[in-house]
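A short worksheet on the structure shown next.
2 protein chains.
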Amino acid sequence: MSPRRSYDQYCSAARALDAVGDRWTLLIVRELLGGPRRYTDLHADLPGVSTDVLASRLKDMERDGLATRRRLPPPGAAYVYELTGRGRELLPVLLALGSWGAPELAERRPTDAVRAHWFALPLLRALRERGETGEGLVEVGLEEGEFHLYVGADEDVTDATDVRDVRDVRDAEDVTAAKDREAGGAREAGQGGRPVYGEGRAPREPDARLVLDTGTCTALARGELTVPDAVRAGRIDVSGDSALAKALRAG
Amino acid sequence: MSPRRSYDQYCSAARALDAVGDRWTLLIVRELLGGPRRYTDLHADLPGVSTDVLASRLKDMERDGLATRRRLPPPGAAYVYELTGRGRELLPVLLALGSWGAPELAERRPTDAVRAHWFALPLLRALRERGETGEGLVEVGLEEGEFHLYVGADEDVTDATDVRDVRDVRDAEDVTAAKDREAGGAREAGQGGRPVYGEGRAPREPDARLVLDTGTCTALARGELTVPDAVRAGRIDVSGDSALAKALRAG
DNA sequence: CGGCATCCGTGACGATACTG
DNA sequence: CAGTATCGTCACGGATGCCG
Numbered sequence: 000m001s002p003r004r005s006y007d008q009y010c011s012a013a014r015a016l017d018a019v020g021d022r023w024t025l026l027i028v029r030e031l032l033g034g035p036r037r038y039t040d041l042h043a044d045l046p047g048v049s050t051d052v053l054a055s056r057l058k059d060m061e062r063d064g065l066a067t068r069r070r071l072p073p074p075g076a077a078y079v080y081e082l083t084g085r086g087r088e089l090l091p092v093l094l095a096l097g098s099w100g101a102p103e104l105a106e107r108r109p110t111d112a113v114r115a116h117w118f119a120l121p122l123l124r125a126l127r128e129r130g131e132t133g134e135g136l137v138e139v140g141l142e143e144g145e146f147h148l149y150v151g152a153d154e155d156v157t158d159a160t161d162v163r164d165v166r167d168v169r170d171a172e173d174v175t176a177a178k179d180r181e182a183g184g185a186r187e188a189g190q191g192g193r194p195v196y197g198e199g200r201a202p203r204e205p206d207a208r209l210v211l212d213t214g215t216c217t218a219l220a221r222g223e224l225t226v227p228d229a230v231r232a233g234r235i236d237v238s239g240d241s242a243l244a245k246a247l248r249a250g
Numbered sequence: 000m001s002p003r004r005s006y007d008q009y010c011s012a013a014r015a016l017d018a019v020g021d022r023w024t025l026l027i028v029r030e031l032l033g034g035p036r037r038y039t040d041l042h043a044d045l046p047g048v049s050t051d052v053l054a055s056r057l058k059d060m061e062r063d064g065l066a067t068r069r070r071l072p073p074p075g076a077a078y079v080y081e082l083t084g085r086g087r088e089l090l091p092v093l094l095a096l097g098s099w100g101a102p103e104l105a106e107r108r109p110t111d112a113v114r115a116h117w118f119a120l121p122l123l124r125a126l127r128e129r130g131e132t133g134e135g136l137v138e139v140g141l142e143e144g145e146f147h148l149y150v151g152a153d154e155d156v157t158d159a160t161d162v163r164d165v166r167d168v169r170d171a172e173d174v175t176a177a178k179d180r181e182a183g184g185a186r187e188a189g190q191g192g193r194p195v196y197g198e199g200r201a202p203r204e205p206d207a208r209l210v211l212d213t214g215t216c217t218a219l220a221r222g223e224l225t226v227p228d229a230v231r232a233g234r235i236d237v238s239g240d241s242a243l244a245k246a247l248r249a250g
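Chains as they are written, first to last, in numbering that gives the first Met the number 0: chain U, 0 to 250; chain P, 0 to 250.
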């Protein structure tokens, strides 16, 4: 157990870094924004992290109210880690970081690991940026693999005015339930849910399906290209009959 | 010095953390967003950082294009560190982190250090959030000290040809930068200056002056209170005759 | 005196091995 | 599968010293 090394500064940014400034922590959050994950899955998608550091970070995140550990009901009974509402509120931080770091994707080093869903957050930002493209489930196909996005599924999360009493968050047994209650969205109460994206194909028929290559994806992430531009240039293939798909094709 | 430990992931957030994920780096950026600072000033406002780590981070930041080191002409010849344009683009990251960490300011530990200008970024966000309050130089008085904000001074970093902002920056720079005329000319105009805030009183007559207490300031930072609400509740004293001051008083 | 560089003790980190 | 144990290494924090 870490005695919690702190900057000891009465500054909100320093306080944030006390909680998420340790190595690997924000990348674990990036993974968990895609929904519940098992320890082994996290370890597989975070190449380079050692097993003890991963276990230690997950414990710290539990202690700090960022994540919870839950046992899945059989069959397939296993432990999964899942973000709390407080943890999911880190999405704007990861979006800002990703936006800032996007130019560095120009260089792709041979030592770089790649996962398809690492493009999920940048692409989500690109889809949002284009005004209100609408809401819905978007399935994305890349060379590296597939993932899906819940566009417009996190309305209040980006709005920081929504954060309040986190003092009792530590004591609360079910943080996510409390958050979901006040969020009003009230999906499954007691379920941590509402991931921002997911790995693999969409769990149901998506409202739209996009197929694009990695280069187009990084161009979108870097803001060099907008989604409608890429569609018009034929660099994104949009399929689907929903209003969302039509809006994406129309630009 | 450092062989640059990297996550080796083809992911924009991971790339960002390669550059700014090390301990102290983002807090150094927070300090430098207030304009050029000397080594000793940084060391004084980052209590807990060791001298070698600070020097090492500053070197890394230079190498990575986040900051530059510049020699001031005599008298008072000293080195100052200053953010590059790329470095200043980290402002959204610090705002997002500060927004997320604001609830933690509820607890003020006796070991916490405090500096008045640590409230500058949260307050800037609060002033911005209220639609377009306008632009201008705002002086702020707190119990802990004073600082000033350049509201609306960071519209678009890519727009380096904005003459008005450049003039404001000239005025904004400390005694130190005033002597930098000849050296700074050829540098990309927008690259160096344009701090987001500054320590101490405003360098010229501010467009508005706000006096408030720390509790009000943290409430603003946490989003529990809006600027107009606080003004109406008498928790902020707004003085000044400019349009900005009048707009702030009006709500 | 400001601006680091050096040295040193401690803790964090990364790789591997091992266990319920 | 989900971690714990062990160990070598490196980064960090504190102090001190050097040098202009």
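Glycine included, C-beta positions come from ideal geometry on N, C-alpha and C. On a predicted model such as this, the values are computed, not experimentally measured, just so you know.
Query: Quick check on P:CYS216 - is its C-beta less than 8 Å from some C-beta in chain U?; Result: no
Query: What residue range does the beta strand (DSSP E) around U:GLY197 cover?; Result: 196-198
Query: Check distances from the C-beta atoms of the stretch 24-36 of chain P to those of chain U and list, in chain order, the residues that come in under 9 Å.; Result: LEU25, LEU26 and ARG29
Query: So what's P:GLU204 in DSSP terms, helix, strand or just coil?; Result: coil
Query: Is U:SER49 buried or exposed, if buried means 16 or more other CB atoms sit within 10 Å of its CB?; Result: exposed
Query: Could you tell me which whole beta strand (DSSP E) segments of length 3 or greater appear in the stretch 41-97 of chain U?; Result: 66-70 and 78-82
Query: Can you list, in chain order, the residues of its chain with a C-beta nearer than 8 Å to that of U:TRP117? Leave out the 5 residues immediately preceding and following it.; Result: ARG29
Query: Are the C-beta atoms of U:VAL92 and some chain P residue less than 8 Å apart?; Result: yes
Query: As a quick exercise: from P:VAL113, P:GLU103 and P:GLY97, pick the residue whose alpha carbon is nearest that of P:LEU123.; Result: P:GLY97
Query: Using three-state DSSP, classify P:ARG37 as helix, strand or coil.; Result: strand
Query: Within 10 angstroms of the Cβ of U:GLU172, are there 16 or more other Cβ atoms? Answer buried if so, exposed if not.; Result: Any reading at U:GLU172 must be qualified, since the residue scores a pLDDT of 37, below 50, and its modelled position is unreliable; no value is offered.
Query: Quick check: the Cα distance between U:ARG36 and U:TYR80, rounded to an integer number of angstroms?; Result: 5 Å
Query: How is P:GLU145 classed by DSSP in three states: helix, strand or coil?; Result: strand
Query: So U:TYR196 contacts chain P; which residues on that side make the cut at Cβ distance below 9 Å?; Result: The contacting residues do not exist; U:TYR196 stays about 13 Å from chain P at best.
Query: Considering U:GLY140, what are the terminal residues of the beta strand (DSSP E) in which it resides?; Result: 135-140
Query: Hey, quick one: how far does the alpha helix (DSSP H) through P:ASP11 stretch, first residue to last?; Result: One detail in the question is off: residue 11 of chain P reads as Ser in this sequence, not Asp. 11-19 is the span of the alpha helix (DSSP H), which, as asked, contains P:SER11.
Query: How would you label U:TYR9, buried or exposed, when you count the other beta carbons within 10 angstroms and need 16 or more for buried?; Result: buried
Query: Only counting the same chain, and skipping five residues up and downstream in sequence, which positions put a Cβ closer than 8 Å to that of U:LEU93?; Result: LEU25, VAL28, ARG29, LEU32 and LEU120
Query: Sorted by chain position, which residues of the same chain lie with C-beta nearer than 7 Å to U:ARG248's C-beta, five sequence neighbours on each side aside?; Result: VAL230 and VAL237
Query: Which residues mark the beginning and the end of the beta strand (DSSP E) in which P:VAL237 is found?; Result: 235-238
Query: Out of U:ARG108, U:LEU104, U:ARG107 and U:ARG85, state which residue places its alpha-carbon closest to the alpha-carbon of P:PRO102.; Result: U:ARG85
Query: Do U:TRP99 and U:ARG56 have their beta-carbon atoms positioned less than 8 Å apart in this structure?; Result: no
Query: Do P:LEU104 and P:PRO205 come within 8 Å of each other at the CB atom, strictly closer than that value?; Result: no
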